[in-house]
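Undergrad: Got a structure here, written out as structure tokens. Questions coming.
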Amino acid sequence: MALRERLRKLDLRAKISLALIAVLLPVFGLLAFSAHLFIRPSLLREIEQIGISAGKTLATEIVVQKLLTHQDREHLIESRVREFLYLQPNIRRIEVFARDPKSGKNLLVASSIEEDPEDVRFEAPDVTRISTELMEEPGTPERGFEVWVPIMSGAPGIELRRDAKNPADAKNDVRLSEPKPVGAVRVVVSIALVSRLARLSSNVAMVGGSIGLVLLFFLLNGALRATIENDRKLREAEKENLVLTSQLHEVERNLLNLEKFAVLGQLTATFAHEIGTPLNAIGGHLALLKEEAAPKLPQAGDRIGIIEGQVAKIAGIVRGFLQNTSKPVSQKQLVDPHQIVEKTLSIVRPRVESLGVEIERDFDRSLGPIRIVPVDFEQVLLNLVNNSLDSIRMKNAPGGARRLKLTTRGKKVGASEGLELRIRDTGEGIESDDLERVFQPFFTTKGPGEGTGLGLSICRDLLKKYGGSLGIDSKRGDWTEVVIDIPYRNGREGA
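Okay, so the sequence shown: first residue is 0 according to numbering that gives the first Met the number 0, each after it adds one.
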């Protein structure tokens, strides 16, 4: 387990190095073992062939030169044996045996062993064919090949047929007899040189293989490191390209939005100038109507007051467009958030009644006033409530409940306390893929001509001025909930 943990902590380069070592070392060992396995048998066959060739050559010379029948055969044969030893250092000994006519045994005629007569064989077995055997040399730890080569009679003999029934046939039918062994040559070839050559070749292979392994390791490691480094740089370049591409798209979107805002600004200025005069006329006639109808119809007076308030609000918005300035923070006032909620609901009451929407209130009345610009807060609430009513209107589920619920609670906003206002409707909801885009300017889920796509963006920007936030969650076909968070500061003052 400890080894696994250590391996996990290694970086990619170290893991690659270990993998190369784990792969190359067994391959190198297999190659070295294979070289040793094939080189040694080849060298052994060469040494064996040296012994056979020397024995056959010496046996042939003895037969051709008739050295076995020469008066000074021991001297001549030993002289030739010494020449073979001189020419072939691998030959450790040569012994020549000749068949004794009296005993019929192969007795020693000549030997290369002079210093230790006790190690000399004075009698040899009958040898009729060439034979080799890998043996231990007496008195030495070295191994060698013992080669026996027969010395055959020089010319074939003539013999009568012994299977003839008629003596006359036996005299007239003769055939050649096979050459017969008249002695033997024993050659002992040492394989010490083979062992040394095998060890030398193994050492050379080991050294060469080690050097090659090290070079191959460094080459592969360097190539892999270069590949990893290039891959890392490529990924970094791709990330930078993605960032630059995203920034470029953002700039393009901003430019497009600026163009839209420029056109919208021109249209707004024109609209503000064109609507100003009718608004003044409406305001004047409302004042006259209030004076005339209020004493007779108190309820109508209340409704006229609401209309006057909305006309004044429109006039204020128009003035704001014309002045092209935002309301300063110094205009904040201490207001009861529930009063603004109720005022907003009274404004949209005609739509609520026509749609048959049930209004549900869940207010925390212990919440005190907050310091905020009333018209800003009212504008945010009016936009959000109208969005909820539009969603309820567009839902085509027959018999479904039409409900709009508003909830207020105290909440921790960062390090300070805050107001949380939730507006939840049972409208058609928003697709999950569109939730991240609803705050983008000019994005709308409504049909053509039903929305500009600026309402939520404006509401969020207004709340940000007071350190607040606007969140939204929805389930398609079921519900949508908008959450307003406004922090308190300095007692119970909004930012």
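Even glycine gets a Cβ: it sits at the ideal position worked out from N, Cα and C. Values in this document were obtained by computation on a predicted structure and should not be read as measured data.
Using three-state DSSP, classify residue 555 as helix, strand or coil.
TA: Residue 555 lies beyond the stretch modelled for the chain, which goes from 0 to 494, so this question has no answer here.
Undergrad: Looking only at its chain, what residues have a beta carbon closer than 8 Å to the beta carbon of residue 332, apart from the 5 residues adjacent to it on each side?
TA: Only 370, 371, 372, 373 meet the Cβ criterion.
Undergrad: Can you say whether residue 475 is buried or exposed, counting buried as having 16 or more other CB atoms within 10 angstroms of its CB?
TA: Exposed, because fewer than 16 other Cβ atoms sit within 10 Å of the Cβ of residue 475.
Undergrad: In whole angstroms, give me the CA-to-CA distance for residue 437 and residue 481.
TA: Taking the straight line from one Cα to the other gives about 12 Å.
Undergrad: Does the beta-carbon of residue 425 have 16 or more other beta-carbons within 10 angstroms, so that it is buried, or is it exposed?
TA: By the neighbour-count rule (16 or more Cβ atoms within 10 Å), residue 425 is buried.
Undergrad: Taking C-alpha atoms, which residue in 210, 472, 150, 300 lies nearest to residue 63?
TA: Closest by alpha carbon: 150.
Undergrad: Between the alpha carbons of residue 128 and residue 46, how many angstroms are there, rounded?
TA: Computed Cα separation, rounded: 19 Å.
Undergrad: Where residue 181 and residue 79 are concerned, what is the direct C-alpha to C-alpha distance, given to the nearest angstrom?
TA: Approximately 19 Å, taken between the alpha carbons.
Undergrad: Suppose you measure from the CA of residue 191 to the CA of residue 223; what does that come to, to the nearest Å?
TA: Going by the C-alpha atoms only, they are around 46 Å apart.
Undergrad: Which partner residues does residue 186 have in the DSSP bridge list?
TA: DSSP lists 93, 146 as partners of residue 186.
Undergrad: Between which residues of its own chain and residue 303 is the CB-CB distance below 8 Å, once the five residues before and five after are set aside?
TA: Contacts found: 285, 288, 289, 292, 293.
Undergrad: Distance, Cα to Cα, residue 445 vs residue 229?
TA: Using only the alpha carbons, I get a separation of about 49 Å.
Undergrad: Taking all protein chains shown into account, do 16 or more other C-beta atoms lie within 10 angstroms of the C-beta of residue 336, making it buried, or fewer, making it exposed?
TA: Its Cβ being crowded by 16 or more others within 10 Å, residue 336 is buried.
Undergrad: Quick one: using the 10 Å Cβ neighbour count with 16 as the cut-off for buried, is residue 417 buried or exposed?
TA: When all chains shown are included, residue 417 counts as buried.
Undergrad: What residues in its chain sit with their C-beta under 8 Å from that of residue 359, if we drop five residues either side in the sequence?
TA: Around residue 359: 402, 403, 404, 405.
Undergrad: Over the uninterrupted beta strand (DSSP E) stretch that includes residue 112, give me the two end residues.
TA: Note, residue 112: premise wrong, no beta strand (DSSP E); not H, not E.
Undergrad: Just the C-alpha distance for residue 326 and residue 431, rounded to the nearest angstrom, thanks.
TA: Only weak support exists for where residue 326 lies, its pLDDT of 42 falling under 50; the value from the coordinates is given anyway. Residue 326 and residue 431: Cα-Cα distance of roughly 35 Å.
Undergrad: Express the C-alpha separation of residue 40 and residue 67 in angstroms, rounding to a whole number.
TA: Answer to the nearest angstrom: the Cα atoms are 36 Å apart.
Undergrad: Less than 8 Å between the CB atoms is what I'm expecting for residue 484 and residue 394, so what's the real figure, rounded?
TA: That pair is no contact at about 27 Å.
Undergrad: Go ahead and label residue 279 buried or exposed: buried means 16 or more other beta carbons lie within 10 angstroms of its beta carbon, across all protein chains shown.
TA: Residue 279 should be labelled exposed.
Undergrad: DSSP three-state label for residue 409, please.
TA: Looking at residue 409 - three-state DSSP - the assignment turns out to be strand.
Undergrad: When you compare the CB positions of residue 375 and residue 428, do they come within less than 8 Å of one another, or not?
TA: Against a cut-off of 8 Å, the Cβ pair of residue 428 and residue 375 comes out as no contact.
Undergrad: State yes or no: is the C-beta of residue 91 within less than 8 Å of the C-beta of residue 152?
TA: It is not a contact, given that the beta carbons lie outside the stated cut-off.
Undergrad: At which residue ranges does the stretch 368-395 contain complete alpha helix (DSSP H) runs of 4 or more residues, listed in the order of the chain?
TA: As far as the stretch 368-395 is concerned, its whole alpha helix (DSSP H) runs of at least 4 residues are 373-393.
Undergrad: Bridge partners of residue 360, per DSSP?
TA: Its beta-bridge partners are 405.
Undergrad: Taking residue 305 as the reference, which of 347, 367, 273, 274 has the closest Cα?
TA: Among 347, 367, 273, 274, the Cα nearest to that of residue 305 belongs to 347.
Undergrad: Between 98, 252, 367, which lies nearest to residue 442 when the distance is taken from Cα to Cα?
TA: Cα-wise, what sits closest to residue 442 is 252.
Undergrad: Would residue 96 pass as a contact of residue 57 if the rule is Cβ separation under 8 Å?
TA: Result no, Cβ atoms of residue 96 and residue 57 do not sit closer than 8 Å.
Undergrad: Looking at residue 61: is its Cβ nearer than 8 Å to the Cβ of residue 76?
TA: Cβ atoms of residue 61 and residue 76: closer than 8 Å.
Undergrad: Report the residue from 367, 98, 314, 363 whose alpha carbon sits nearest the alpha carbon of residue 184.
TA: Here the closest residue by C-alpha is 98.
Undergrad: Return helix, strand or coil for residue 127, following the three-state DSSP convention.
TA: Residue state, collapsed to three classes: coil.
Undergrad: Suppose contacts are defined by Cβ-Cβ distances below 8 Å. Is residue 382 in contact with residue 454 by that definition?
TA: Result yes, Cβ atoms of residue 382 and residue 454 sit closer than 8 Å.
Undergrad: Can you round the beta-carbon distance between residue 145 and residue 131 to whole angstroms, since I take them to be within the 8 Å contact cut?
TA: Contact flag correct, Cβ pair sits at about 7 Å.
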